[in-house]
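*Asks:*
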Amino acid sequence: MAIYDRLYVEFLYYFNEARDYFECHEVMEELWLEEGRNTLYQGLLQVAVGLYHHFNGNSNGSLKLFTAALEKLSPYPRDIMGIDLEKLLDDSRDYVERLQQYSSAPFEPYDLDIKVLDPNLEQLLVDMKLNPPAPHKDFV
């Protein structure tokens, strides 16, 4: 049975449930630093920040972060850390294609989902929904 870091579970909670991409950044950056700057974590963080930028009107920043995320995540196995990375990569590529055409075909930001494959990880997320984490935000 895989053991998942609490911060990783929080990241998935903020990404899939709360849709709080700033909090995704906060928790994943902490984990990324603790785990020796793992590029998997960095890529996941960049997907969240890419969404954050687009939701805040910065399509160019969003494109840069999604592109960097794809570069970091592409070498990893399609099924890793209890998630369907292949689906996230496919969805991110679609988002990048739309962002590349943004000046001629603008679109409203939309959420992506990280599909959880591991039932144990899914249970951790269910438990977290019942007792949500306190925000890590440094400012109000």
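To convert, note that position 17 of the sequence shown is 17 in full-length UniProt numbering; the numbers rise steadily by one, no gaps. All C-beta atoms in this analysis are idealised placements derived from N, C-alpha and C, irrespective of residue type, glycine included.
If you run the structure through DSSP and keep just helix, strand and coil, what is Asp91?
*Replies:* Your numbering for residue 91 matches position 91 in the sequence shown. Correct three-state label for Asp91: helix.
*Asks:* Three or more beta-carbon pairs under 8 Å between the region 65-78 and the region 38-50, yes or no?
*Replies:* Segments in contact, yes.
*Asks:* Taking only three categories from DSSP, how would you classify Asp127?
*Replies:* One-based indexing of the sequence shown puts residue 127 at position 127. Note: Asp127 maps to helix in three-state DSSP.
*Asks:* So is Val27 buried or exposed if we call it buried at 16+ other beta carbons inside 10 Å?
*Replies:* Walking along the sequence shown from the start, residue 27 turns up at place 27. That one is buried.
*Asks:* Here's the rule I'm using: 16 or more other beta-carbon atoms within 10 Å means buried, otherwise exposed. How should Leu33 be labelled?
*Replies:* Mapped onto the sequence shown, residue 33 falls at position 33. Exposed is the call here.
*Asks:* Counting pairs of beta carbons, one from the region 8-25 and one from the region 125-133, are three or more of them closer than 8 Å?
*Replies:* With the cut-off at 8 Å, the region 8-25 and the region 125-133 touch.
*Asks:* For Phe139, I'd like the list of residues in its chain whose CB is within less than 7 Å of its CB, leaving aside the five on either flank, ordered along the chain.
*Replies:* In the sequence shown, the residue the question calls residue 139 occupies position 139. Any reading at Phe139 needs caution, since the residue's pLDDT is 43, under 50, leaving its predicted position unreliable; the model's value is listed next. So the list is empty, once near-sequence residues are dropped.
*Asks:* For residue 143, count neighbouring Cβ atoms within 10 angstroms of its own Cβ and tell me buried if that reaches 16, exposed if not.
*Replies:* The first residue shown for the chain is 1 and the last is 140, placing residue 143 beyond what the model contains.
*Asks:* Return helix, strand or coil for Val140, following the three-state DSSP convention.
*Replies:* The count along the sequence shown starts at 1 and reaches residue 140 at position 140. Unreliable placement is indicated for Val140, whose pLDDT of 39 sits below 50; the coordinate value is still reported in the next sentence. In the structure shown, Val140 sits in coil (DSSP, three-state: anything other than H, G, I, E or B).
*Asks:* Based on DSSP bridge pairs, tell me the residues matched to Ile114.
*Replies:* In the sequence shown, the residue the question calls residue 114 occupies position 114. Answer by DSSP bridge pairing: none, since Ile114 is not bridged.
*Asks:* Considering Asn16, what are the terminal residues of the alpha helix (DSSP H) in which it resides?
*Replies:* Here the question's residue 16 lines up with position 16 in the sequence shown. Premise fails: Asn16 is in no alpha helix (DSSP H) and is neither H nor E.
*Asks:* Assuming Gln46 is part of the alpha helix (DSSP H), what are its boundary residues?
*Replies:* The count along the sequence shown starts at 1 and reaches residue 46 at position 46. 39-55 is the extent of the alpha helix (DSSP H) around Gln46.
*Asks:* In terms of residue numbering, what span does the alpha helix (DSSP H) encompassing Ser103 cover?
*Replies:* As a first step, residue 103 must be located in the sequence shown, where it is residue number 103. It is not in any alpha helix (DSSP H) - Ser103 carries neither H nor E in the DSSP assignment.
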